[in-house]
Structure formats: C-alpha cells, structure tokens
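S.K.: Protein chains in written order, with our numbering: chain A, 146 to 369; chain B, 146 to 369.
Using N, Cα and C, we set each Cβ at its ideal position, and we do this for glycine too.
There are 2 protein chains.
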Amino acid sequence: MNAPETIKLLRTQSLTNLVHEELERRIAAGQLLPGTPLREASIATDLGISRGPVREAFRMLEERGLVEFEKNCGVRVRQLDLEQAMQIYQVRIPLEALIGELVAHRLTPETHASLQQVVEQMRLTVTRQDIPCYTELNFLFHDLLAKYTANPSLYDTYRRLVVQLKLFRSYTFRHNPETIALSLQEHQTIFETIAARDIAASKALLRQHAQDSLIRLQAASQSS
Amino acid sequence: MNAPETIKLLRTQSLTNLVHEELERRIAAGQLLPGTPLREASIATDLGISRGPVREAFRMLEERGLVEFEKNCGVRVRQLDLEQAMQIYQVRIPLEALIGELVAHRLTPETHASLQQVVEQMRLTVTRQDIPCYTELNFLFHDLLAKYTANPSLYDTYRRLVVQLKLFRSYTFRHNPETIALSLQEHQTIFETIAARDIAASKALLRQHAQDSLIRLQAASQSS
DNA sequence: CTATTGTAAATTGTCAACAATATGCAATAT
DNA sequence: ATATTGCATATTGTTGACAATTTACAATAG
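1. Using the rule of at least 16 other Cβ atoms within 10 Å of the residue's Cβ for burial, across every protein chain shown, is Ser175/A buried or exposed?
2. Do Ala291/A and Tyr303/A have their C-beta atoms closer together than 9 Å?
3. Is Arg221/A helix, strand or coil by DSSP?
4. Would Gly219/A and Glu185/A be called neighbours here (beta carbons separated by less than 9 Å)?
5. Do Leu192/A and Arg314/A have their CB atoms nearer than 9 Å?
6. Could you tell me whether any Cβ in chain B is nearer than 9 Å to the Cβ of Asp226/A?
7. Figure out for me which residue from Leu269/A, Leu312/A, Thr253/A and Leu282/A has the closest Cα to the Cα of Ala341/A.
8. Rounded to a whole number of angstroms, what is the C-alpha to C-alpha distance between Asp288/B and Gln158/B?
9. Is there at least one Cβ from chain A nearer than 9 Å to Val297/B's Cβ?
10. With H, G and I counted as helix, E and B as strand and the rest as coil, what does DSSP make of Leu134/A?
11. Determine the DSSP secondary structure at Pro182/A, reduced to helix, strand or coil.
12. Which first and last residues belong to the beta strand (DSSP E) in which Phe214/B is found?
13. Taking a Cβ distance cut-off of 9 Å, strictly less, list which residues of the segment 197 to 209 of chain A are near chain B, in chain order.
14. With burial defined as no fewer than 16 other Cβ atoms inside 10 Å of the residue's Cβ, what is the status of Ser195/B: buried or exposed?
15. Is Pro239/A close to chain B? Criterion is C-beta to C-beta, closer than 9 Å.
16. Would you list the one or two residues that DSSP bridges to Phe313/A?
17. Note down the Cα distance separating Glu265/A from Glu207/B, rounded to an integer number of angstroms.
18. By the 8 Å beta-carbon criterion, what residues does the segment 278 to 311 of chain B contribute toward chain A?
19. Between Leu247/A and chain B, is there a C-beta pair that is closer than 9 Å?
20. Exposed or buried, which one is Asn217/B when buried takes at least 16 other CB atoms within 10 Å?
21. Could you say which of Leu299/B, Asn283/B and Pro277/B lies nearest to Glu331/B if we only look at CA atoms?
22. Compare the C-beta of Gln119/A with all C-beta atoms of chain B and state if any pair is closer than 9 Å.
23. Need the endpoints of the alpha helix (DSSP H) that Gly197/B sits in, please.
24. Does the segment 227 to 244 of chain B come close enough to the segment 347 to 362 of chain B to have 3 or more Cβ pairs within less than 8 Å?
25. Going by beta carbon distance, what residues of the same chain come within less than 8 Å of Gln363/A, once the five residues before and after it are set aside?
26. Could you check how far apart the C-beta atoms of Ile325/B and Ile276/B are, in whole angstroms? I think they sit under 8 Å.
27. Just to confirm, does Ala174/A get its C-beta within under 8 Å of one of the non-hydrogen atoms of the ligand COA?
28. Going by DSSP, what residue range makes up the alpha helix (DSSP H) through Asp288/B?
29. Let me know the secondary structure DSSP gives Gly245/A once reduced to three states.
30. Taking buried to mean at least 16 other C-beta atoms within 10 Å of its own C-beta, is Ala258/A buried or exposed?
31. For a test of the three-state rule: what should DSSP assign to His332/B, helix, strand or coil?
32. If you reduce the DSSP assignment to three classes, tell me which class Asn321/A lands in.
33. Beta-carbon within less than 7 Å of Leu310/B's beta-carbon, same chain only, minus the 5 sequence neighbours each way: which residues are those?
34. Verify whether the separation of the beta carbon atoms of His165/B and Glu201/B is less than 9 Å.
35. Does any CB atom of chain A fall closer than 9 Å to the CB of Thr256/B?
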C-alpha cells in the first residue's frame with residue numbers, strides 16, 4: 146500500500162467504522178442470521194481490538210435497525226416478521242416511485258452507461274443461469290437508481306429500508322429459470338423507460354415493480 | 146419515586162440512552178445550534194459520567210444524521226443548507242401522502258379524540274396569539290398523524306426526516322397573526338377530512354400541505 | 001421429585017488511564 | 001514583517017480494569 150492511501154485511511158477510518166462496516170456486511174450477506182447474539186468480547190478479540198469500538202459500532206447498528214439491545218443481556222441481530230417486512234414495503238413503494246421520477250429526470254450520459262452495463266450483465270447471468278449473481282445485480286441496479294436521483298436523503302432513506310428488509314428470512318426471492326427471465330424483461334423495460342426520460346412512466350413502472358415484489362414476498366412467506 | 150418505577154428505569158435505561166435523548170432534545174429544541182462543537186469530556190463532566198457513554202451517544206446521533214464526526218477533531222452539530230433541506234422535503238412529501246391514506250384508513254375512536262384535542266388546543270393558542278405554543282402543537286399534530294398510521298417503519302422514517310429538518314436554520318416558520326389563522330384553518334380541514342375517513346382526500350391534502358411548507362421554506366430562506 | 005436458594009462463571013455497563021493526533025503560540029530564521 | 005519550526009496544551013482514539021447484572025447449575029429444603 147502506498148503512502149497517500151495509508152494517510153487517507155488513518156485520517157478517515159476509525160476502528161468503530163471498520164467494525165460497523167464489517168458487521169453490517171455480514172448481516173446483509175446473511176452470514177449473521179436474525180436472532181444471532183453478538184458478544185462484544187468475542188468480536189473484539191476476533192478482530193484483535195478492545196470492546197470500546199465494538200460497543201460504538203453496536204450503537205450505530207442499533208440506530209440502523211439492524212440489531213437490538215437488551216440491557217445487561219447483550220445485542221442480537223434484529224428479527225423481522227412478515228408484518229414488519231410488509232410495513233417497510235409500504236414505505237418503500239412511494240419512494241420507488243419518487244426514485245423513478247428523479248432518476249429519469251436527472252439521467253446523465255455517465256449514469257445511463259452505468260445502468261446499461263448492469264442490465265447487460267444481468268442478461269449474461271440469465272443466459273448462463275447464474276441465479277445468485279443475478280440476485281446481486283438486481284440489488285445493485287436498484288441501489289444505483291436510488292443513488293442517481295442525486296438526493297442523498299432519499300438514497301439514505303431508501304438504503305435503510307432495503308438493508309432492514311434483509312432481516313426478513315424469505316426476503317431474497319428464490320428465482321427459477323422461468324421467473325428470472327421475466328424479471329430480466331422487467332428490468333430491461335425499466336431501463337429503457339428511464340433512458341427515454343419518460344418521467345411519468347418511470348414513476349409508474351417502479352411503483353408497480355415494488356408492489357409486485359411485495360406480492361411475491363407475501364406469497365413466498367405463506368408457502369413456506 | 147416508587148420502587149417499580151426505579152426498577153424499570155434500571156432495567157431499561159443506560160447512561161448512553163440518557164445522553165442520547167438529552168442531546169437530541171437539545172438539538173431539536175435549538176439549544177445546540179448547527180455547527181456547535183460537542184466535546185466529550187465537557188459533556189461527560191457536566192453530566193457527572195465518563196466519556197464512554199457520551200461517545201456511544203455521539204455514534205447514535207451520527208446515524209440519525211444529527212451530528213458529524215471528523216476524526217481526531219471531534220463532533221459538531223450537523224449543518225443543513227437550503228438544498229439539503231429541500232431534498233429532505235422531497236422525500237417527506239410522498240410520505241405525508243402515505244400518512245394521510247393510512248391514518249384516515251386506520252382511524253380509531255381513541256386516535257380521533259386525541260387529534261381533535263390537539264386541534265382544539267391549536268384553536269385556543271390562536272385565540273390568545275401564543276405563537277410558540279402553536280408551533281409546538283403543529284409539530285405534535287403531524288407527529289401523531291405519523292404515529293397513528295400504525296406503521297412503525299413509516300413513523301421512524303418520518304421522524305428522522307423531521308428532526309433533521311430542524312438543523313436548517315430557517316426551518317421553523319415565523320408565524321404572524323395572519324398566517325397562523327390560515328394555518329389553523331388548514332389543520333382543521335385536514336382533521337375533518339381524516340375524521341370523515343376520506344382516504345383519497347386525506348392523501349391529497351397532506352401532500353399539498355407538505356408541498357406548501359416546502360414553498361414557504363424556500364421563500365423564507367431567500368428573504369433572509 | 002419439585003421448588004427454592006445459593007454460588008460461580010460469563011457478560012455487559014462504566015470508568016480511568018494511556019497513546020496518538022490536532023491546535024495554539026512563542027521562538028527563530030529568512 | 002512573514003513564514004517556519006518547535007513545544008506545550010487540549011482533545012480524541014483506544015485500551016484494560018473494575019462494578020453490576022444475568023445465567024447456569026448445584027445444593028438444599030419441603
């Protein structure tokens with residue numbers, strides 16, 4: 146690692162932030178399942194640090210709705226039931242509509258190219274039936290849309306909700322060769338509508354897309 | 146203080162939570178102005194505790210978007226410019242619409258009575274021209290609406306945005322005898338529409354109400 | 001055998017001390 | 001006079017230790 150990079154790291158990164166990022170990553174990736182207790186001392190010694198920064202990271206995760214404190218009993222990864230997941234979706238739906246409007250309105254050559262690239266990669270994963278990779282690109286596509294609204298508050302609010310949704314067990318939709326092709330089609334249409342800068346249509350499409358996801362979530366959780 | 150209360154406090158409250166609540170209260174009340182540096186040691190000794198819980202509270206406030214860390218330089222109350230305030234409003238507007246729908250749909254005799262009481266109190270403050278008190282009741286009215294949607298995620302998301310807006314200097318609208326009467330009229334109409342359980346009208350009214358607030362915010366900040 | 005009590009281990013809550021970094025100011029050199 | 005260097009002070013970042021609470025389990029009484 147070169148000197149300027151190291152300096153920048155030391156100037157910006159604290160142990161607290163590192164722990165926070167690492168734990169959030171593990172939770173979002175499903176490595177730390179909802180309900181798992183997180184013990185300060187264990188995490189601290191694993192990372193070779195003291196308990197202070199771990200506790201600070203816990204407080205940040207608590208505010209993000211990813212873990213829950215129970216005084217004197219410790220911290221556990223938050224568990225979401227179907228009702229809570231549906232409530233989050235209820236908030237997400239109008240935000241997706243807003244994202245559709247703004248991203249279509251604010252589209253630049255750079256963001257257009259970036260979105261196009263992701264859709265193209267999605268097409269390739271469908272061709273080779275790489276469902277896990279498709280799922281990741283799906284998240285990325287929607288994350289980029291939120292980012293390209295150029296509204297940090299919207300992006301932040303949106304991300305909060307999406308990360309919390311990962312605490313619901315059957316959130317990640319189990320794609321099969323049939324549904325994945327339909328999903329690809331839908332995302333291509335969304336991209337084209339945004340690329341055409343059709344604000345009203347983008348808004349309607351993304352709202353409907355979120356509503357459909359909610360329906361699938363209900364169906365999936367009732368069948369299991 | 147009686148024993149059961151004390152026990153409940155000890156079982157649930159930690160120093161971290163107390164510090165967090167106290168600081169958030171001071172920030173929201175405008176006692177700690179945007180840009181103010183917060184020194185750990187000073188706050189700790191003021192409250193008669195050590196720096197640990199204060200740091201944890203800082204991390205929580207950071208995640209709520211109320212303070213900002215600068216490594217090795219400390220924490221300051223976050224400052225919002227007009228653009229950021231408008232971006233927050235952009236998110237708030239569709240949420241207000243959703244609140245209108247849900248609160249009209251979910252209205253119970255209890256919530257109805259509670260809202261009616263607040264509107265009545267607002268009327269009294271207008272009669273006696275108590276503008277600060279009216280402003281407080283105004284916040285309370287909208288907070289209750291969000292709460293009565295019975296969607297904790299929506300309430301949480303909404304509160305985040307509203308608290309952050311208080312970081313913008315000219316957020317609290319300066320009422321005068323003319324505008325306060327108009328505002329009261331508007332809130333009475335909102336209440337009546339919700340009481341009539343007119344979902345579509347409640348949605349439209351609250352969206353428009355939020356949009357009008359945004360316009361006033363722009364006007365107020367340009368004139369100052 | 002069941003229920004209760006007591007005790008030990010583990011874990012969290014809090015604190016105080018140490019290390020590292022930034023800030024302000026005086027001294028010096030150009 | 002201005003800029004730079006060096007030092008003292010203040011503040012944050014991190015750590016390890018102590019206090020308080022919970023949990024698990026064994027011992028005891030009924």
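M.R.: Quick answer:
1. The sequence given here has Gly at residue 175/A, not Ser. With fewer than 16 other Cβ atoms within 10 Å, it is exposed.
2. yes
3. strand
4. yes
5. no
6. no
7. Thr253/A
8. 24 Å
9. Here residue 297/B turns out to be Pro, not Val, going by the sequence shown. With 9 Å as the cut-off, Pro297/B counts as an interface residue toward chain A.
10. Since the displayed chain A opens at 146 and closes at 369, residue 134/A lies outside it and no answer follows.
11. strand
12. Val212 to Glu215
13. Gly197, Arg200, Glu201, Ala202, Phe203, Arg204, Met205, Leu206, Glu207, Glu208 and Arg209
14. exposed
15. yes
16. Leu225/A
17. 38 Å
18. Asn296, Pro297, Ser298, Leu299, Asp301, Thr302, Arg305, Leu306 and Gln309
19. yes
20. exposed
21. Asn283/B
22. Because chain A is modelled from 146 through 369, residue 119/A falls outside the range shown and cannot be assessed.
23. Arg196 to Glu208
24. yes
25. Leu227 and Met231
26. 6 Å
27. In terms of ligand content, the structure shown is empty, and the ligand COA therefore cannot be addressed.
28. Ile276 to Lys292
29. helix
30. exposed
31. helix
32. coil
33. Ala230, Ile233 and Tyr316
34. yes
35. no
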